[in-house]
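Colleague: My questions all concern the structure below.
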Amino acid sequence: MKTCAIISLGCPKNLVDSEQMLGQLARQDFQVVLEPEDADIVIINTCGFLAASREEGLENIHAMERLRRNPNERLACLIVAGCLVSRDKESLVAQCPDVDAFLDVFSRDEVQNAVRQTLDGTLEKRLFLGTTEEIAKDDTRFPLLPAHVAYLKIAEGCNRRCAFCAIPNIRGRYSSKPMDLLLAEAKALAQNGVRELVLIAQDTSRYGSDLDDPHATLANLLKALSQIDGILWIRVLYLYPQNFGDDLIDALAETPKVVPYIDMPLQHINNRILKSMRRAVTREKTLELLEKLRTRLPQLAIRTAFIVGYPGETQAEFDELLAFIRKQRFPRLGVFQYSPEEGTPAAEMERQVPEKISRKRAEAVMKLQKQISSEWVRSLVGTVQEVLVDAQLEDGRWMGRTMFDAPDIDGHVFFTADNIMPGQRVLCEITGGDAYDLIGNVHPDL
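Here my numbering is used: the first residue of the sequence shown is 827, the next is one more, and so on.
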């Protein structure tokens, strides 16, 4: 039996694609292994969003090419897939001669053909190109996350043309996955032991806007997913602050199983910067939305992200952003230094901020956020929180997450307990923590 492994780079959306490609191969009797060194077939699913991610992709490709050139190694088939292929296909094919086949983001269902043709010597083309905006036809997945957690990708692509972002050029226009297919996929995941569903897309709040189905909205999808037996938590990432209607706020507040946590990248708060970014929101609208959300969902934990060093960002505009963060006190926050991406309007703008200045601004944001996060952790000490158990550590302690912690993004709760298992939900009394992680004890009323 031939063995296969995948190196999955980039975001959770890429991870779902990786799981689907592995699932197709596993169904064809290939054995999935974790380490590329143990594999006959290696797939590298790349990210092409930022320069750093593209460099990471090339480093992994060249490492696998070197492995393949070693006559003592078993690697017989090397495939590169994903966003880097879609973005730089011609140059990638030219500079990676030891890669057998390249699959763009819409060719994930061709992985079986590419592997079989490579192994039997019938491969006629190295580059596989799919149909733009195509939804994956095959939902068979080999899980790469713990068995009780799964991402549910509800749409492909993006229609928003933010001036700094190359995603629409890479993944095409927004294309929602029909609700019936999503519900069938979610039910299958639940039957396989998934207890937490994490909804993802480039813009989850836009879900259904392109479908000829008035019932297909994110609010209605959340309500339907909540009816699935076995699912304990539903979490929503990558919401966009524009067109965030009251129906969605009501669904977040009232739907059983939807946790009081959202990820909503705001990117900036200064009106001039927001307009230049083409974000289609204003400072005033953002403040109004935040007030609505916090009034309707008092327990809500908001994760957001900002870009610093955007072209033309002045010290005063950065200070405005810093003051906004200080006042809003988001429990979870990430910051990115702006980097000019080829093919985006922002890359051609004048007054590019020097890297040294943008780095200092990013450091200032994270220094402030560490203080805010530490205060958030202290506010939870003495409370009893639901915790989803993730894994047991080597020292015997258990690691889990509260409803306010997304997998692979936020912190953890560390505690001791007997007779529990991953995927189980327990009650923990929070006794301490640091800026990002919590320490607790299993509550005696469990």
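No residue lacks a Cβ here, since even glycine has one placed at the ideal position from N, Cα and C.
What does the alpha-carbon distance come out to for the pair valine 931 and threonine 1112?
Modeller: Numbered from 1 along the sequence shown, position 105 holds the residue referred to as residue 931. Numbered from 1 along the sequence shown, position 286 holds the residue referred to as residue 1112. Each residue's alpha carbon lies about 33 Å from the other.
Colleague: At the level of alpha carbons, what is the spacing between threonine 1228 and threonine 1209?
Modeller: Position 402 of the sequence shown, counting from 1, holds the residue named residue 1228. Position 383 of the sequence shown, counting from 1, holds the residue named residue 1209. Answer to the nearest angstrom: the Cα atoms are 12 Å apart.
Colleague: Where does the unbroken alpha helix (DSSP H) through valine 919 begin, and where does it stop?
Modeller: Taking the first residue of the sequence shown as 1, we reach residue 919 at position 93. Counting along the chain, the alpha helix (DSSP H) containing valine 919 begins and ends at 909 to 921.
Colleague: Between which two residues does the beta strand (DSSP E) containing serine 834 stretch?
Modeller: Here the question's residue 834 lines up with position 8 in the sequence shown. It spans 829 to 834 - the beta strand (DSSP E) in which serine 834 sits, taken as one unbroken run.
Colleague: What are the residues that DSSP puts in a beta bridge with valine 1134?
Modeller: Within the sequence shown, numbered from 1, the residue matching residue 1134 stands at position 308. For valine 1134, which the question treats as bridged, DSSP gives the partners Gln1163.
Colleague: With H, G and I counted as helix, E and B as strand and the rest as coil, what does DSSP make of aspartate 1216?
Modeller: If you number the sequence shown from 1, residue 1216 lands on position 390. Note: aspartate 1216 maps to strand in three-state DSSP.
Colleague: Quick one: what's got a C-beta closer than 7 Å to alanine 852's C-beta in the same chain, skipping five residues either side?
Modeller: Reading the sequence shown from its first residue, position 26 is the one you call residue 852. Excluding residues within five positions, the ones whose Cβ falls inside 7 Å are Val858 and Phe968.
Colleague: Kindly provide the ranges of any beta strand (DSSP E) runs that are 3 or more residues long and lie completely inside the region 1016 to 1054, ordered along the chain.
Modeller: Those beta strand (DSSP E) runs which fall completely within the region 1016 to 1054 and span 3+ residues are 1022 to 1026.
Colleague: Output the distance between the C-alpha atoms of threonine 1242 and lysine 839, rounded to the nearest integer angstrom.
Modeller: The count along the sequence shown starts at 1 and reaches residue 1242 at position 416. The count along the sequence shown starts at 1 and reaches residue 839 at position 13. For threonine 1242 and lysine 839, the distance between alpha carbons rounds to 33 Å.
Colleague: Between Leu910, Ala1190 and Glu885, which has its C-alpha nearest asparagine 871's C-alpha?
Modeller: The sequence position of residue 871 within the sequence shown is 45, counting from 1. Closest option to asparagine 871, Cα to Cα, is Leu910.
Colleague: Who are the near neighbours of isoleucine 887 in its chain, counting only those whose CB is closer than 7 Å to its CB and skipping five residues on each side?
Modeller: Within the sequence shown, residue 887 is the residue found at index 61, counting from 1. For isoleucine 887, where only same-chain residues beyond five positions count, the Cβ hits under 7 Å are Ile870, Val906, Cys922 and Val925.
Colleague: Tell me, which residues are paired with glutamine 1211 by DSSP?
Modeller: Walking along the sequence shown from the start, residue 1211 turns up at place 385. Paired residues: Cys1254.
Colleague: Since I believe glutamate 1255 is in contact with asparagine 1245 (beta carbons under 8 Å), could you give me their beta-carbon distance rounded to a whole number of angstroms?
Modeller: Reading the sequence shown from its first residue, position 419 is the one you call residue 1245. Reading the sequence shown from its first residue, position 429 is the one you call residue 1255. Rounded, the Cβ-Cβ distance is 18 Å, inconsistent with contact.
Colleague: Following the continuous beta strand (DSSP E) through aspartate 1089, name the residue where it begins and the one where it ends.
Modeller: In the sequence shown, residue 1089 corresponds to position 263, counting from 1. Per DSSP, aspartate 1089 belongs to the beta strand (DSSP E) from 1084 to 1089.
Colleague: At the level of alpha carbons, what is the spacing between glutamate 1212 and histidine 1238?
Modeller: Walking along the sequence shown from the start, residue 1212 turns up at place 386. Walking along the sequence shown from the start, residue 1238 turns up at place 412. Roughly 12 Å between the two C-alpha positions.
Colleague: Taking 7 Å as the limit between beta carbons, can you name the residues of its chain near arginine 825, skipping five residues before and five after?
Modeller: Any property of residue 825 remains undetermined from this structure, which presents the chain solely from 827 to 1272.
Colleague: Straight-line CA distance for glutamate 861 to cysteine 830?
Modeller: The sequence position of residue 861 within the sequence shown is 35, counting from 1. The sequence position of residue 830 within the sequence shown is 4, counting from 1. Roughly 9 Å between the two C-alpha positions.
Colleague: Which first and last residues belong to the alpha helix (DSSP H) in which arginine 1122 is found?
Modeller: Residue numbering aside, residue 1122 sits at position 296 when the sequence shown is read from its first letter. From DSSP, the alpha helix (DSSP H) with arginine 1122 extends over 1109 to 1122.
Colleague: What would DSSP say about lysine 1196, mapped onto helix, strand or coil?
Modeller: As a working note, residue 1196 is residue 370 in the sequence shown. Three-state DSSP puts lysine 1196 in a helix.
Colleague: Look at threonine 1130 and leucine 1092 and say whether their C-beta atoms are less than 8 Å apart.
Modeller: Taking the sequence shown and counting its residues from 1, one reaches residue 1130 at position 304. Taking the sequence shown and counting its residues from 1, one reaches residue 1092 at position 266. Yes, they are a contact pair.
Colleague: I'd like to check one pair, glutamate 882 with leucine 835: are the Cβ atoms closer than 8 Å?
Modeller: Mapped onto the sequence shown, residue 835 falls at position 9. Mapped onto the sequence shown, residue 882 falls at position 56. Contact flag set, yes.
Colleague: When we look at the beta-carbon of methionine 1090 and count the other beta-carbons within 10 Å, is it buried (16 or more) or exposed?
Modeller: On the sequence shown, residue 1090 is found 264 positions in, with the first residue counted as 1. Methionine 1090 should be labelled buried.
Colleague: On the three-state DSSP scale, how would you describe valine 1239?
Modeller: Start at 1 with the first residue of the sequence shown, and residue 1239 comes out as number 413. It is a strand residue.
Colleague: Just to confirm, are lysine 915 and leucine 953 a CB contact at a threshold of 8 Å?
Modeller: By one-based count along the sequence shown, residue 915 stands at place 89. By one-based count along the sequence shown, residue 953 stands at place 127. Yes; because the gap between Cβ atoms is below 8 Å, this pair is in contact.
Colleague: To the nearest angstrom, how far is the alpha carbon of isoleucine 993 from that of glycine 1169?
Modeller: In the sequence shown, residue 993 corresponds to position 167, counting from 1. In the sequence shown, residue 1169 corresponds to position 343, counting from 1. Their backbone Cα atoms lie some 10 Å apart in a straight line.
Colleague: Tell me the rounded alpha-carbon separation between arginine 1152 and valine 1084.
Modeller: Sequence index remark: in the sequence shown, residue 1152 carries index 326 (1-based). Sequence index remark: in the sequence shown, residue 1084 carries index 258 (1-based). Cα to Cα, the separation comes out at about 28 Å.
Colleague: When the Cα of isoleucine 1057 is compared with those of Asn1018, Asp1076 and Ile1088, which residue comes out closest?
Modeller: Reading the sequence shown from its first residue, position 231 is the one you call residue 1057. Nearest C-alpha to isoleucine 1057: Asn1018.
Colleague: What first and last residue would you give for the alpha helix (DSSP H) that runs through methionine 1175?
Modeller: On the sequence shown, residue 1175 is found 349 positions in, with the first residue counted as 1. From DSSP, methionine 1175 is part of no alpha helix (DSSP H); its letter is neither H nor E.
Colleague: Whole angstroms are fine: how far does the CA of valine 1203 sit from the CA of glutamate 1080?
Modeller: Start at 1 with the first residue of the sequence shown, and residue 1080 comes out as number 254. Start at 1 with the first residue of the sequence shown, and residue 1203 comes out as number 377. Using only the alpha carbons, I get a separation of about 26 Å.
Colleague: Determine the closest residue to aspartate 1102 out of Pro1137, Pro1124 and Leu1126, with distance taken between C-alpha atoms.
Modeller: In the sequence shown, residue 1102 corresponds to position 276, counting from 1. First, the amino acid is wrong: residue 1102 is serine here, not aspartate. Residue Pro1137 is the option with its Cα nearest to serine 1102.
Colleague: Report yes if the C-beta distance between leucine 1023 and alanine 1232 is below 8 Å; otherwise report no.
Modeller: The residue labelled residue 1023 in the question sits at position 197 within the sequence shown. The residue labelled residue 1232 in the question sits at position 406 within the sequence shown. No, the pair does not count as a contact, with Cβ atoms beyond the cut-off.
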